[in-house]
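What follows is a single structure, written as structure tokens, with notes after it.
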Amino acid sequence: PAIHRYCFEQLSLDAKYEIININRADKISGVIDQLKSGDLDGVNVTTPYKENIKLHLDQINPRAEEIGSINCIHVKSGKLIGNNTDWYGFLKALEGMGTFNNVVIFGTGGVVPAILYYFNNRETMPIHIVGRNKERMSFFKSSGASIYNMENLNVAIDNPLIINTIPSNASINWKDLINRVSKNICAAMDLNYNFKVTEFLNSFNSDVKIKNGLDMLIYQALMSLDIWHEKDLSSSININDLKMNIECLDE
Numbered sequence: 001p002a003i004h005r006y007c008f009e010q011l012s013l014d015a016k017y018e019i020i021n022i023n024r025a026d027k028i029s030g031v032i033d034q035l036k037s038g039d040l041d042g043v044n045v046t047t048p049y050k051e052n053i054k055l056h057l058d059q060i061n062p063r064a065e066e067i068g069s070i071n072c073i074h075v076k077s078g079k080l081i082g083n084n085t086d087w088y089g090f091l092k093a094l095e096g097m098g099t100f101n102n103v104v105i106f107g108t109g110g111v112v113p114a115i116l117y118y119f120n121n122r123e124t125m126p127i128h129i130v131g132r133n134k135e136r137m138s139f140f141k142s143s144g145a146s147i148y149n150m151e152n153l154n155v156a157i158d159n160p161l162i163i164n165t166i167p168s169n170a171s172i173n174w175k176d177l178i179n180r181v182s183k184n185i186c187a188a189m190d191l192n193y194n195f196k197v198t199e200f201l202n203s204f205n206s207d208v209k210i211k212n213g214l215d216m217l218i219y220q221a222l223m224s225l226d227i228w229h230e231k232d233l234s235s236s237i238n239i240n241d242l243k244m245n246i247e248c249l250d251e
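Position one of the sequence shown corresponds to residue 1 (our numbering), numbered consecutively onward.
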């Protein structure tokens, strides 16, 4: 909420952004009813509902349809329209991460389709997905990615960017897992929405460029802002000032 509250204040918008906690999929219908009634003008959707939410929508943006994942919904002319802004957040977060030859993704969660969309449409390089969920792994294999079971992984991938999508509270020996992936790593990103360095990022040598999930969080949020208001508002936001503001809140 801190990002949107900052933006609303800076742009003098009469709006508010709050968290709606949903602990079961059958609770989604209540949010859909609020969107249809006009009580809500738009919502962001988080894992694990980014795919199932499609069943409740009237229309899906072609890019979001290709990605297969929805993280932003807005209402237009009474219709609920699904969008994906994760791909843009990832695009912006990737800036300055160096030149790598491979992409390794840890995890199979709701943000992974947006990452695959980005690389399939903008970059041509091998994609490797490491996880435990066999059903999800099989799905991603059909997209052309190489898949590996986390438990018996032992490869030597050349000069990769390693992207973590596994939740921060997972019980994983990160250094061991990373060593079983590659010995010459270019860069690493943790897409968990943390403002500080995570245990995953702390597992890399000092010569590896690292980045947390803050940039992706900010830019996917700014794209959502533009979608909800149907105009470019985000270009007026001072990103450095925004980062300082929300990092202060995290201290």
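Cβ atoms here follow ideal geometry from the backbone N, Cα and C, with glycine treated the same way.
8 Å Cβ shell around residue i - same chain, five flanking residues per side excluded
i, result
"A187", "M97, G98, F100, L161, I162, V208, K209, I210 and K211"
"N199", "Per the sequence presented here, residue 199 reads as Glu, with Asn not at that position. Here the set comprises S168 and W174."
"N5", "According to the sequence provided, residue 5 is Arg. The question's Asn does not apply to it. For R5, where only same-chain residues beyond five positions count, the Cβ hits under 8 Å are K16 and Y17."
"D226", "D232, L233 and S234"
Contact under 8 Å by Cβ, residue i with residue j
i, j, result
"G82", "N52", "no"
"S224", "N21", "no"
"M137", "I147", "yes"
"L177", "I3", "no"
"L57", "I73", "yes"
"A156", "L116", "no"
"N159", "N184", "yes"
"T124", "Q220", "no"
"C11", "V75", "Note on residue identity: the sequence assigns Leu, not Cys, to residue 11. Taking 8 Å as the Cβ cut-off, L11 and V75 do not qualify as a contacting pair."
"P1", "S69", "no"
Neighbour-count burial assignment, residue i, 16 or more Cβ in a 10 Å radius
i, result
"Q59", "exposed"
"N133", "exposed"
"S171", "exposed"
"G30", "exposed"
"A25", "exposed"
"D190", "buried"
"N149", "exposed"
Element boundaries [beta strand (DSSP E), containing residue i]
i, result
"H74", "C72 to K76"
"I218", "First-last for I218: L214 to H229, but that is the alpha helix (DSSP H), not the beta strand (DSSP E)."
"A188", "A187 to D190"
"G42", "G42 to N44"
"I79", "The sequence as given places Lys at residue 79; Ile does not occur at that position. That run of the beta strand (DSSP E) goes K79 to N83."
"K209", "K209 to K211"
Bounding residues of the alpha helix (DSSP H) (the contiguous stretch that carries residue i)
i, result
"P62", "P62 to I67"
"A93", "D86 to A93"
"I3", "A2 to Q10"
"I32", "I28 to S37"
Same chain only: Cβ atoms within 6 Å of residue i, ignoring 5 sequence neighbours per side
i, result
"I166", "F106 and G107"
"R180", "L153 and N154"
"G89", "M216, Y219 and Q220"
"Y193", "G213 and L217"
Own chain residues within Cβ distance below 7 Å of residue i, not counting five before or after
i, result
"P48", "G110"
Whole runs of the alpha helix (DSSP H) within the segment 95-126, excluding any shorter than 4 residues: 112-122
Every unbroken beta strand (DSSP E) inside the segment 122-189 [3 residues or more]: 127-131, 146-149 and 160-164
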